[in-house]
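The structure appears right after this line, and notes come after that.
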Amino acid sequence: MPFFGFAAMPGPIRKHRLQRKDQRMANVVVVGAQWGDEGKGKIVDWLSERADVIARFQGGHNAGHTLVIDGKVYKLSLLPSGIVRGGKLSVIGNGVVLDPWHLVKEIAKLREQGVDITPENLMVAENTPLILPIHGELDRAREDQTSVAKIGTTGRGIGPAYEDKVGRRSVRVADLADAATLELRVDRALVHHDALRRGLGLEPVDRDALLASLREIAQEVLPYAAPVWKVLN
1 MPFFGFAAMP GPIRKHRLQR KDQRMANVVV VGAQWGDEGK GKIVDWLSER
51 ADVIARFQGG HNAGHTLVID GKVYKLSLLP SGIVRGGKLS VIGNGVVLDP
101 WHLVKEIAKL REQGVDITPE NLMVAENTPL ILPIHGELDR AREDQTSVAK
151 IGTTGRGIGP AYEDKVGRRS VRVADLADAA TLELRVDRAL VHHDALRRGL
201 GLEPVDRDAL LASLREIAQE VLPYAAPVWK VLN
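First residue of the sequence shown? That's 1 in the UniProt record's numbering, and the numbers climb one at a time after it.
Listed below in structure tokens is the structure:
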């Protein structure tokens, strides 16, 4: 289930750096302790009115949060709830698994609604693991098996992406910045995924197509990449 973090910190925010002042910082964490759909997004939105920084630290884009602010409806699934409020810094931490294509689409949709989203008010941890198309394919292939293994997954690759994170074979946001590193990270992941795909009757991954897709999306994602740990420390 997706978890959300909320942090109220002293401002102002200048060039990705929080100016330290002689005042105490209050931090609030919102955690879903049931089975999802507890209304975490709405709670975080309510709290974010009094926060300088709103951080999402876990989960993927299977979550859904509908916010109504001044009569306007915003639908989020990946971005932190505070993104629709001006003067706030929204952070996606490295505990999140990030679908870069979905991120770009969600940003574009909110911009159409008049929400200002720039690297000044949205930061993505540079070591955030990516959800790749191969994760969704694996997720759905497992679910399609006629066995007792069905878990009711959304098929968006979130579980397999976390498997890769734990297995230390994730492609991370920062890897998009260097062509040689990106190839090495993809090749490492494919050794594992192609073996799984053979067992499920799937074709091997088209390595060149995957790399081309990642290189293309990199230009839209990398401007938001930052050493979040430095900013929040």
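From the three backbone atoms N, C-alpha and C, an ideal C-beta is built for every residue, glycine too.
Taking C-alpha positions only, V173 is separated from V96 by approximately 11 Å. Its chain contains V91, G93, M123 and A125 as the residues whose beta carbon lies nearer than 7 Å to that of V228, once the 5 sequence neighbours on both sides are disregarded; these appear in chain order. At a cut-off of 4 residues, the continuous stretches assigned as alpha helix (DSSP H) that sit fully inside the region 158-211 are 158-166 and 179-200. Separation of V53 and E106 (C-alpha to C-alpha, rounded to the nearest whole angstrom) is 20 Å. By the criterion of at least three beta-carbon pairs nearer than 8 Å, the region 71-88 is in contact with the region 43-53. Here S170 has P129 and D164 as same chain residues with Cβ atoms under 6 Å from its own Cβ, once five neighbours each way along the sequence are excluded.
Separation of the CB atoms of I117 and H193 is rounded to 32 Å, and the pair is thereby denied contact status at 8 Å. Judged by their CB atoms, D187 and P160 are not nearer to each other than the 8 Å cut-off. Around the Cβ of L182, a 10 Å sphere holds 16 or more other Cβ atoms; the residue is buried.
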